[in-house]
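Step one of this worksheet: look at the structure below.
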Ligand code: BGC
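Numbering (my numbering), first residue to last: 1128 to 1885.
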């Protein structure tokens, strides 16, 4: 056994709460202003800063607290409210801000928060779809567009990006994140923070503060069951869950939101270890922590806090600075301090953090700087914003299968039949989490395809995916009985050269409180597809979904499959441009697609185990005996209208000293007939380590654009950051030993080279 030398990159630093790292430096001017202001504040006013109320219309959780609009206004006047959420529009925001600024004793402005999850009004694709682009510039731009529209509407702060890594397709909320991989997730988290916050100076009134959520381990809730507990070990916590949050903190994110789940029995809202030891001390995060909706109060039914007093104390001591909609900090905290049960320094720290972000946003200089009616009209829904989200939508599409060269469609001279109610839906493509958008504003696939005037296009609905149009707060009712449209569709299918079928989940079929036990096409959709296939097998399946689906029959039988998620307001144009070949798809899956629910959790960066499966040698250990071992589509998978060939990767040396950077090179050639883009992916495997490492870990990727016949050499250089990992105490270490570097167009098809770190 080879004992390795261990290099400690960073030992656990016991910093005090006011010490910060290079990324989150404090501005001494602002700190002085906070000192002056806080010296005038009463304990009730300080606690007031820690209180956030929901606005007056959109509700995203159980019964809002704070009473009627009048009662909320009264509390604002008393200085008992530091923030509002879901108040939006210049007029509405001005109304509440004026009360805070002009009618309270100290005139402290409110910070206005909102869920800007994938766009504000001009909706971009759902975040999971955007992740499929692997295009960090486009993702940053998409967040910038979202920020600009929200800011123009008076909002200062978004509850996003969500960066919960998840391996469980049953969990509905993975549509809000970037998929299963912490490396890709971390890069995307940083790109989104940059898109929302710009250069972190907030000198532009079109940038807003961002929130890293949900901290932490929400994506690892048991069974993918919404709001459930997460029982996870340190290896998963440090190496899978936390890395994207660390990237966001390093990118300067200004707030972090608790998650609803417990972590090994402790509600995340009261988890001192992750909030104080890691986030606020080790990472030196200088912004503030907001609870999730009522997550302080929900510690009572969790069986953790015996009453509201106990919940308030546990949350504030753990480091939760602002109370969203529990209504618990205001009535209890000041009293707990007076009784000597909670140390006032916790209140001071929380208040300081919140005021800091308000100062940074320029709200003290001009509380109305985000409030400009003219700007609101100009920015929201601008042509440029529509163009940016269309670009993002095209880049998010993943081509899963294309046999018989069915795609691209011919722009004329081909009889095309379009089927399925989702094809004409102007609502479903908007996806979930789109509170500020207007219903039925998406370009439907039908409308997008109609732009191709020469095309011989016929639309027949054939099937209703749902029985009625769902909303954010209602359950989706999928159609399980109505086959009345089947005959007309079958008749039309006889005469078509090619059939485009839009099937999948409704936009509200994923999202919060939308866990599923079945990942098949819901309702009658698979039956419908099979019926049509019997008549005419020339089918292009356009999938709409917010999570991986188990589409085995389609994969075996349908010649062409296009993963089109929920692509936002420009969905139909994006899909049409891909179908007719005006855009060559280049997306790659950010999540593994299982063959059946029993395989879940299935993910590419799994462990080898002591008895690995080896089909070639007839060794069938680690597998389910009633299922293929492989996934339906692996992580990183996606095709193009052209083809790419990878050379054997080469490495600049075979042995490296610690700190040296191995450089792996590969040449990629476009061997097909279309110009196209390929996402080249680099994985590593650390063969022996003090904590066993996954079989593969993504550590680099690059988008390569190539004309037909063109080749390009690219290089990946591996630093300690890519070569190391967190040990079970949370220390980042790089160990000596042998590694493999693997490069390819998806996680399952790679070419490898070996090297050693001495
Ligand atoms: C969600 C958060 C969201 C909050 C406010 C909660 O239900 O978990 O992600 O930011 O509501 O709408």
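Idealized CB from N, CA, C, for every residue including glycine.
Distances from the CB of residue 1187 to the heavy atoms of the ligand BGC include at least one below 7 Å. For residue 1162, the uninterrupted alpha helix (DSSP H) run begins and ends at 1155–1167, by DSSP. Contact between residue 1237 and residue 1216 fails: their C-beta atoms lie close to 15 Å from each other, not under 8 Å.
In this structure, residue 1682 places its C-beta atom within 8 Å of the C-beta atom of residue 1528. Taking all protein chains shown into account, residue 1640 has fewer than 16 neighbouring C-beta atoms within 10 Å of its C-beta and is therefore exposed. Relative to the ligand BGC, even the nearest heavy atom lies 7 Å or more away from the CB of residue 1429. The three-state secondary structure of residue 1341, taken from DSSP, is strand. Under DSSP, residue 1312 forms no beta bridge with any residue.
Annotation for residue 1415 indicates a beta carbon at 7 Å or more from all heavy atoms of the ligand BGC. Pairing residue 1498 with residue 1280, the inter-Cα distance amounts to about 7 Å. In this chain, the alpha helix (DSSP H) harbouring residue 1463 covers 1456–1465. Within the same chain, 1423, 1424, 1426, 1427, 1432, 1455 come within 7 Å of residue 1438 by CB-CB distance, once the 5 residues on both sides are set aside. According to DSSP, residue pairing for residue 1290 in a beta bridge does not occur. Using a cutoff of 7 Å, the CB of residue 1599 does not count as near the ligand BGC, since none of the ligand's heavy atoms is closer than that. Taking the Cα of residue 1466 as reference, the smallest distance to any Cα among 1321, 1245, 1436, 1778 is reached at 1436. For residue 1686, the CB contacts under 6 Å within the same chain, skipping 5 residues up- and downstream, are 1530, 1531, 1533 in chain order. When DSSP states are grouped into helix, strand and coil, residue 1805 belongs to the strand group.
With 16 or more other Cβ atoms inside 10 Å of its own Cβ, residue 1346 counts as buried.
Judged by beta-carbon spacing, residue 1679 lies beyond the 8 Å limit of residue 1643, meaning their Cβ atoms are not closer than that value. Taking one beta carbon from each stretch, the stretch 1592–1609 and the stretch 1646–1658 have 3 or more pairs nearer than 8 Å; the two touch.
Per DSSP, the continuous beta strand (DSSP E) segment holding residue 1771 begins and ends at 1771–1773.
Within the stretch 1224–1264, the complete beta strand (DSSP E) segments at least 3 residues long are 1238–1241, listed from N- to C-terminus.
Separation of the CB atoms of residue 1525 and residue 1716 is rounded to 6 Å, and the pair is thereby assigned contact status at 8 Å. Along the length of the stretch 1507–1563, whole alpha helix (DSSP H) runs at least 4 residues long occupy 1510–1523, 1548–1551, reported in chain order. Straight-line spacing of the CA atoms in residue 1507 and residue 1321 works out to 20 Å. Judged by pairs of C-beta atoms under 8 Å, the stretch 1222–1232 does not touch the stretch 1476–1489, as fewer than three such pairs exist. Membership of residue 1880 in the beta strand (DSSP E) is indicated by the continuous run 1876–1884. In the three-state reduction of the DSSP assignment, residue 1675 falls in the coil class. Remark: fewer than three beta-carbon pairs, one from each stretch, lie closer than 8 Å, so the stretch 1322–1333 and the stretch 1357–1371 are not flagged as touching. Per DSSP, the unbroken beta strand (DSSP E) holding residue 1832 starts and ends at 1824–1833. Taken from the Cβ of residue 1771, every heavy atom of the ligand BGC lies 7 Å or farther away. Assignment of residue 1570 by DSSP, reduced to helix, strand and coil, places it in the coil class.
Measuring C-alpha to C-alpha distances from residue 1857 to each of 1213, 1309, 1364, 1247 identifies 1364 as the nearest. Contiguous alpha helix (DSSP H) elements confined to the stretch 1708–1781 do not occur, taking only those with 4 or more residues. When DSSP states are grouped into helix, strand and coil, residue 1361 belongs to the helix group. Counting only runs that start and end inside the stretch 1172–1233, the alpha helix (DSSP H) elements of at least 4 residues fall at 1196–1204, 1217–1230.
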